[in-house]
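Heads up: the protein sequence lines correspond to chains A and E, in order. Just so we're aligned, residue 4 is where the first sequence starts under my numbering, counting upward by one. Just so we're aligned, residue 252 is where the second sequence starts under my numbering, counting upward by one. Beta carbons are placed, not taken as given, at the ideal position from N, Cα and C, and that holds for glycine. Each remark here refers to the structure printed beneath this line.
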Amino acid sequence: MNRLGQWSGQLLLYAAFAATLAVFSHWPNYQHLAPDRAVIKVSFTHQGQRLGDCTVQTPAELAKLPPNMRAPTRCPRERAPVSVELDLDGVLVLRQTALPSGLSRDGAAAVYQRIEVAAGQHRIAVRLKDDAHSVGFNYHREAVVTLRPAEILVIDFDPAHHQITLQ
Amino acid sequence: MTLVSAASGLRRAWRNFEHGWHRITVAPSEPLEHLGAIAGLLLLLLLATGSYLFVVFDTSVSGAWQSIDQLARTGTFPGGWLRSLHRYAADGLLLVTLLHLLREFMLGRYTHFRRATWWTGVPLLLLVYLSAIGGFWLNWDQLGQYSALASAELIDALPLLGATLTRNFVAVHAVSDRLFSLLIFIHLGVPLLLLFGLWFHLQRIHLPQVLPPRALTVGVIATLGLLAAAAPIASQAPADLARVPTALHYDWILLHLHPLAEAFSPATVWLLIATVLLVLLLLPLRHGVVAPVAVVDADFCNGCRRCVDDCPYSAITLVAHPNAKAGRQLAVVAASRCAGCGICAGACPSAMPFRRVATLATGIDLPQRRIGALRQRLRQALVPGSHKIVVFGCDHGAAVAALTAADVVSFSLLCSAQLPPSFIDYALRIGALGVVISSCTEGACEFRLGARWTSQRLGATREPRLRTHGPAPHYQLVFADGGDEPALVAAIAGLRQRATMRALP
Ligand code: HEM
Ligand code: SF4
Ligand code: SF4
Numbered sequence: 004m005n006r007l008g009q010w011s012g013q014l015l016l017y018a019a020f021a022a023t024l025a026v027f028s029h030w031p032n033y034q035h036l037a038p039d040r041a042v043i044k045v046s047f048t049h050q051g052q053r054l055g056d057c058t059v060q061t062p063a064e065l066a067k068l069p070p071n072m073r074a075p076t077r078c079p080r081e082r083a084p085v086s087v088e089l090d091l092d093g094v095l096v097l098r099q100t101a102l103p104s105g106l107s108r109d110g111a112a113a114v115y116q117r118i119e120v121a122a123g124q125h126r127i128a129v130r131l132k133d134d135a136h137s138v139g140f141n142y143h144r145e146a147v148v149t150l151r152p153a154e155i156l157v158i159d160f161d162p163a164h165h166q167i168t169l170q
Numbered sequence: 252m253t254l255v256s257a258a259s260g261l262r263r264a265w266r267n268f269e270h271g272w273h274r275i276t277v278a279p280s281e282p283l284e285h286l287g288a289i290a291g292l293l294l295l296l297l298l299a300t301g302s303y304l305f306v307v308f309d310t311s312v313s314g315a316w317q318s319i320d321q322l323a324r325t326g327t328f329p330g331g332w333l334r335s336l337h338r339y340a341a342d343g344l345l346l347v348t349l350l351h352l353l354r355e356f357m358l359g360r361y362t363h364f365r366r367a368t369w370w371t372g373v374p375l376l377l378l379v380y381l382s383a384i385g386g387f388w389l390n391w392d393q394l395g396q397y398s399a400l401a402s403a404e405l406i407d408a409l410p411l412l413g414a415t416l417t418r419n420f421v422a423v424h425a426v427s428d429r430l431f432s433l434l435i436f437i438h439l440g441v442p443l444l445l446l447f448g449l450w451f452h453l454q455r456i457h458l459p460q461v462l463p464p465r466a467l468t469v470g471v472i473a474t475l476g477l478l479a480a481a482a483p484i485a486s487q488a489p490a491d492l493a494r495v496p497t498a499l500h501y502d503w504i505l506l507h508l509h510p511l512a513e514a515f516s517p518a519t520v521w522l523l524i525a526t527v528l529l530v531l532l533l534l535p536l537r538h539g540v541v542a543p544v545a546v547v548d549a550d551f552c553n554g555c556r557r558c559v560d561d562c563p564y565s566a567i568t569l570v571a572h573p574n575a576k577a578g579r580q581l582a583v584v585a586a587s588r589c590a591g592c593g594i595c596a597g598a599c600p601s602a603m604p605f606r607r608v609a610t611l612a613t614g615i616d617l618p619q620r621r622i623g624a625l626r627q628r629l630r631q632a633l634v635p636g637s638h639k640i641v642v643f644g645c646d647h648g649a650a651v652a653a654l655t656a657a658d659v660v661s662f663s664l665l666c667s668a669q670l671p672p673s674f675i676d677y678a679l680r681i682g683a684l685g686v687v688i689s690s691c692t693e694g695a696c697e698f699r700l701g702a703r704w705t706s707q708r709l710g711a712t713r714e715p716r717l718r719t720h721g722p723a724p725h726y727q728l729v730f731a732d733g734g735d736e737p738a739l740v741a742a743i744a745g746l747r748q749r750a751t752m753r754a755l756p
């Protein structure tokens with residue numbers, strides 16, 4: 004057998020292994036967003052309003068319950084789904100309705116959407132509805148924003164102040 | 252074409268490929284035959300370099316980037332070098348694991364007794380991916396930011412957590428030290444799980460080779476060491492959640508799933524993962540030809556343990572002998588683990604052809620190719636005055652049946668190590684001119700340890716040892732895989748010549 008051939012073959016193998024690692028651990032660059040684009044993210048987790056109102060239980064109803072469960076009012080736990088719409092420069096770009104989480108549909112509804120836009124100035128309008136009883140949306144926010152390339156605008160909902168936030 | 256014949260076609264093609272491949276590699280450092288062991292070495296390298304990184308790592312969100320980035324800035328050695336080694340070892344581990352899987356697949360090593368080993372290998376592949384991807388997050392540079400968010404998006408696409416993981420990476424203040432601790436925990440915990448999984452993977456492998464032979468170990472470490480010095484890894488700009496990371500220096504070896512999810516959809520990636528996993532997990536259910544397993548004959552087993560020590564798949568255990576005095580033991584074969592390789596029969600002291608019994612029964616034997624029948628056929632072939640050269644070979648190695656010279660008689664065994672060494676002496680005693688033992692090369696042995704045991708037994712360093720009487724050996728051990736038949740022909744010619752010399756007055 005040709006020892007020299009084998010040794011050079013073996014060296015070549017090590018070199019090929021190293022070259023594969025060196026090249027594909029760096030290259031080619033990944034341009035995950037084109038240079039003149041920006042991103043709008045609609046991201047919130049929000050608890051919709053409860054579907055039903057609390058009702059006062061009559062003494063007769065209370066009597067039927069085990070003693071440890073005799074609360075004076077009864078509140079249904081299920082919450083309304085949360086709907087959101089986004090207009091970008093007057094065009095509807097997102098319409099989504101998120102169901103509350105949890106087995107009894109009493110948790111928060113979550114929305115996460117990533118929308119690529121051209122960098123520059125945009126007029127945005129956000130509408131949100133978290134109440135099954137009212138018609139139309141119960142929160143609105145309009146703004147003109149200027150996005151630099153690669154900038155991210157996050158549209159969120161602030162439950163403490165009951166408003167849609169842009170940051 | 253049936254699945255079985257497709258599998259055997261692949262197997263033949265791969266064997267041919269490896270046979271040609273041997274021409275360009277140095278035998279003990281042959282990488283293809285040690286892929287599992289190279290993966291083990293890379294894992295060890297990752298643990299060692301990872302321990303160093305953990306010591307210098309700042310576990311807070313604000314300090315993490317700085318603590319790793321400065322390794323590359325304050326002179327490359329040893330910090331930057333160890334960090335680069337850590338990354339390259341991770342890249343290497345995934346590639347080598349995939350190659351290991353490919354080779355075992357091509358050789359059809361996933362059915363019957365290998366099923367459990369294959370099945371326990373599949374989660375290891377997942378854990379390698381998971382450990383590696385998690386490592387990028389800890390740098391908390393733009394690549395880490397991109398990967399963390401892309402991973403969260405991928406997980407949120409499953410109807411599990413109500414799409415809330417991504418929220419952790421949406422706003423600048425969202426990534427808390429607590430969340431970051433979780434990321435660190437993943438990168439520490441998953442590799443530990445991997446080690447644990449490896450222990451399962453090797454449960455049915457007797458004497459597993461978890462590290463490559465020394466020369467190959469040195470070669471792999473030197474290659475990665477030089478690479479880490481020549482092309483050190485540097486962090487990218489620190490994570491900034493208010494901006495999309497653009498133009499990333501991208502690790503395509505480890506992070507290819509993110510762009511795939513981007514180009515198609517997270518659902519596509521999950522579908523791909525599920526399909527691959529399903530195929531890998533269902534593959535072992537294919538039924539090929541099942542080889543009959545070893546059978547113990549309690550009357551001839553004295554509990555000497557040799558078969559236990561030699562069985563490549565830990566298929567034999569010893570129990571108290573039911574019909575003998577206290578303290579004596581009996582071999583028991585676990586059928587589901589047994590490869591039907593016959594190596595145990597070659598180890599058994601009762602497989603002694605000189606015994607004066609009409610039919611040679613042994614402590615452990617393979618019903619499809621009995622040791623007693625081998626003695627019978629040997630006697631028939633070596634009638635007085637026949638002057639034959641005997642060749643003992645293996646079904647999986649060089650084709651001994653194809654040797655057609657008139658003075659040659661060949662016996663193909665389940666594995667060369669099925670041959671009890673005393674048969675060599677026996678053949679010579681009853682008139683063979685010479686004996687050739689053809690064994691596969693060590694890395695090519697179908698049953699892992701057959702070639703090693705054959706050479707140790709014939710070299711008298713392992714029981715049962717070959718004892719030959721008389722002068723210069725009239726036998727020769729040849730390492731010949733399929734395609735190496737000319738080496739056998741040459742060995743036969745050599746023995747023939749020596750025999751002629753001896754016959755001269
Ligand atoms: C971190 C990943 C892995 C490591 C470190 C590893 C390591 C090993 C080692 C050390 C052996 C024993 C080699 C010997 O002594 O003969 C082995 C055998 C084996 N591995 Fe893996 N392995 C890994 C992943 C996998 C995967 C993903 C598969 C396939 C799904 C796989 C399938 C097998 C099979 C079928 C064998 C048995 C070979 C035989 O019966 O001769 N392994 N592995
Ligand atoms: S035939 Fe092979 S695998 Fe089966 S018990 Fe014997 S040595 Fe072990
Ligand atoms: S080698 Fe033979 S005698 Fe020894 S334990 Fe195994 S079967 Fe029994």
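The beta carbon of Gly745 (chain E) is closer than 6 Å to none in its chain, skipping five residues each way along the sequence.
The residues Gly623, in chain order, have a CB closer than 6 Å to that of Thr610 (chain E) in the same chain once the five nearest residues on each side in sequence are set aside. With respect to chain A, the C-beta atom of Gly470 (chain E) has a partner C-beta closer than 8 Å. Remark: the C-beta of Ile640 (chain E) is outside contact range of ligand 3, defined as less than 7 Å to any heavy atom. Here DSSP, grouped into helix, strand and coil, assigns Tyr115 (chain A) to strand. For ligand 2, no non-hydrogen atom lies closer than 7 Å to the CB of Cys552 (chain E). It is roughly 20 Å from the alpha-carbon of His452 (chain E) to the alpha-carbon of Asp560 (chain E).
If only complete runs of 3 or more residues are kept, the segment 451-482 of chain E shows no beta strand (DSSP E) anywhere. For Ala702 (chain E), the nearest beta carbon of chain A is not closer than 8 Å to its own beta carbon. Distances from the CA of Ser663 (chain E) to each of E:Ala650, E:Ala656 and E:Gly271 were compared; the closest alpha carbon is that of E:Ala650. At a cut-off of 7 Å, the beta-carbon of Cys592 (chain E) counts as near ligand 2: some heavy atom of the ligand is closer than that.
With a cut-off of 7 Å, the C-beta of Ala566 (chain E) is classified as near ligand 2, since at least one heavy atom of the ligand falls inside that distance. Here His572 (chain E) carries a coil assignment [DSSP, helix/strand/coil]. Within chain E, Leu478 and Ala482 have C-beta atoms less than 7 Å from the C-beta of Ala25 (chain A), given in sequence order. Just measuring C-alpha positions, the residue of E:Lys576, E:Cys552 and E:Gln631 sitting nearest Ala596 (chain E) is E:Cys552. Per DSSP, His125 (chain A) lies in no alpha helix (DSSP H) segment; the continuous beta strand (DSSP E) that holds it begins and ends at Gly123 to Lys132. The beta carbons of Pro543 (chain E) and Leu617 (chain E) sit closer together than 8 Å. Per DSSP, reduced to three states, the secondary structure at Asp342 (chain E) is helical. The three-state secondary structure of Gln99 (chain A), taken from DSSP, is strand.
A distance below 8 Å between beta-carbons, with the five flanking residues on each side excluded, links Thr310 (chain E) to the following residues of its chain, in chain order: Asp428, Phe431, Ser432 and Ile435.
No Cβ-Cβ contact shorter than 8 Å links Ser673 (chain E) with Val729 (chain E). In the same chain as Arg628 (chain E), and ignoring 5 residues on each side of it, the C-beta atoms closer than 8 Å to its own belong to Phe662, in chain order. For Cys599 (chain E), the CB falls within less than 7 Å of some heavy atom of ligand 3.
Residues of the segment 36-47 of chain A with a C-beta atom less than 9 Å from some C-beta of chain E are Leu36, Ala37, Pro38, Arg40, Ala41, Val42, Lys44, Ser46 and Phe47, listed in chain order. In this structure Leu297 (chain E) is buried. Its beta-carbon is surrounded by 16 or more other beta-carbon atoms within 10 angstroms.
Not a single C-beta of chain A is nearer than 8 Å to the C-beta of Pro279 (chain E). If you draw a 10 Å sphere on the C-beta of Cys691 (chain E), you find 16 or more other C-beta atoms in it, and that means buried. In this structure, ligand 1 has a non-hydrogen atom nearer than 7 Å to the beta-carbon of Gln460 (chain E).
The C-beta separation of Glu81 (chain A) from Ser107 (chain A) comes to about 6 Å, placing the pair in contact by the 8 Å criterion. In summary, the residues of the segment 327-347 of chain E whose CB is separated from some CB of chain A by less than 8 Å are Arg338, Tyr339, Asp342, Gly343 and Leu346, in the order they occur in the chain. In this structure, Ala74 (chain A) keeps its C-beta atom at 8 Å or more from the C-beta atom of Thr497 (chain E). Ala288 (chain E) sits close to Gln460 (chain E), with the two beta carbons spaced by under 8 Å.
In its chain, beyond the 5 residues on either side, Gln393, Leu394, Tyr397 and Gln487 have a beta carbon closer than 7 Å to the beta carbon of Leu499 (chain E). Linking Arg418 (chain E) to Arg117 (chain A) through their CA atoms gives a straight-line distance of about 12 Å. A residue is called buried once 16 or more other Cβ atoms fall within 10 Å of its Cβ, and Lys132 (chain A) is buried on that count.
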